[in-house]
Amino acid sequence: MPDFAPEERLLTAMPPGTVNGRVIGLDEAGRGPWAGPVVAAAVWLDARHCPPGLLAMIDDSKALSAAARGRAYGALRDAEAAGAAAIGLGEADVAEIDSLNILRASLLAMGRAAADLARGTGFAPAAALVDGPHVPELPCPAQALVGGDRLSLSIAAASIVAKVVRDGRMEALARHHPGYGWERNRGYGTAAHRAALDRLGVTPEHRRSFRPIREALDLTL
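To convert, note that position 171 of the sequence shown is 181 in this note's numbering; the numbers rise steadily by one, no gaps.
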């Protein structure tokens, strides 16, 4: 289970006098799907004031059921309202994914999430922990942490927020583009999604830089 040890190690390693004690976690959702945006979240958790029940809910979003993610997301928003957490969101749309590539678009979304958190709270974080091997451009020191959503509570919380928000985005897009099953597959390349591409064609929300979409376009030209 994730804990605050990565945050504490990062703060300990920073020069004296430069630390305000706030380490944010950054993660994204939606790198692999064929359609829709990539969504990132930045989360700061106040270790002194977060309810223990909330911390017990937080885990890598992939290890939680949809219902458990929803409960944890609601509890995180409650903690935010109480001043025991802060949340920022950012995303990169399909056009940015296609022009930049998915990795660079994901990092862009993370940078936007960190900036959104800073705007919403009025404080600049001391440092950031980022899930994975790459770090976005940030105004504070950052450390990449592979598997960070299983190690750091801040990153795990960000993984939950990003996943829940992106799932909501895909449910909304599914209403505008029915037939692809995005309310269930979230834009991932399932057999039903492939069959819908063959039947209905490519939408503006499909990532044309992804090979299955390029192939579908070639078939329809």
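Glycine is no exception: its CB is placed at the ideal position from the N, C-alpha and C atoms. In this text, all values refer to a predicted model and were calculated from it rather than measured experimentally.
(request) Report the three-state DSSP secondary structure of A39 (helix, strand or coil). (result) In this structure, A39 counts as strand in the three-state DSSP scheme.
(request) Compute the Euclidean distance between the alpha carbons of G31 and A15, then round it to the nearest angstrom. (result) Their backbone Cα atoms lie some 13 Å apart in a straight line.
(message) If you follow the beta strand (DSSP E) that W54 is in, where does it begin and where does it stop?
(response) Note, W54: beta strand (DSSP E), V48 to L55.
(request) Enumerate in chain order the residues of its own chain whose CB-to-CB distance from M67 is below 8 Å, with the five nearest sequence positions on each side excluded. (result) So the qualifying residues of the chain are A78, R81, A82 and A85.
(message) Rounding to the nearest angstrom, what Cα-Cα distance links A123 and E101 in this structure?
(response) Between A123 and E101, the C-alpha separation is close to 7 Å.
(request) Report yes or no: do the stretch 205 to 215 and the stretch 111 to 120 share at least 3 C-beta pairs separated by less than 8 Å? (result) They do not touch, by the three-pair rule.
(message) Buried or exposed, going by whether 16 or more other CB atoms sit within 10 Å of the CB of S162?
(response) Counting every other CB atom within 10 Å of its CB across the protein chains shown gives S162 a total of 16 or more, marking it as buried.
(request) Report all residues from its chain with a CB closer than 7 Å to the CB of G199; omit the five preceding and five following residues, and keep chain order. (result) Closer than 7 Å at the Cβ level, and outside the excluded window around G199, lie W44 and P222.
(message) Beta-carbon within less than 6 Å of L36's beta-carbon, same chain only, minus the 5 sequence neighbours each way: which residues are those?
(response) For L36, same chain residues with a beta-carbon under 6 Å away, outside a window of 5 residues either side, are A52, M120, A138, V140 and A168 in chain order.
(message) What does the alpha-carbon distance come out to for the pair D56 and A23?
(response) Rounded to whole angstroms, D56 to A23 spans 19 Å at the Cα level.
(request) Pick out whichever of S219, D70 and M180 has its Cα sitting closest to the Cα of V156. (result) Checking every option, the nearest Cα to that of V156 belongs to D70.
(request) Could you check what DSSP says for E181 in three-state terms: helix, strand or coil? (result) Secondary structure at E181: helix, using DSSP grouped into helix, strand and coil.
(message) My assumption, with CB atoms under 8 Å, is that P151 sits in contact with A134. Please give the rounded CB distance.
(response) Contact doesn't hold; Cβ gap of about 11 Å is too wide.
(message) My parser needs the alpha helix (DSSP H) runs of 4 or more residues fully inside the stretch 105 to 154; what are they?
(response) Counting whole runs of 4 or more residues, the stretch 105 to 154 contains the alpha helix (DSSP H) stretches 112 to 131.
(message) Using only the alpha-carbon positions, how far apart do L231 and A50 sit?
(response) Caution is warranted here: a pLDDT of 46 is assigned to L231, below 50, making its placement in the model unreliable, and the coordinate value is therefore given only provisionally. Taking C-alpha positions only, L231 is separated from A50 by approximately 34 Å.
(request) Could you give the DSSP three-state label for L74: helix, strand or coil? (result) Of the three classes helix, strand and coil, the one that applies to L74 here is coil, per DSSP.
(message) What does the alpha-carbon distance come out to for the pair M180 and P26?
(response) Looking at the two C-alpha atoms, the distance is approximately 44 Å.
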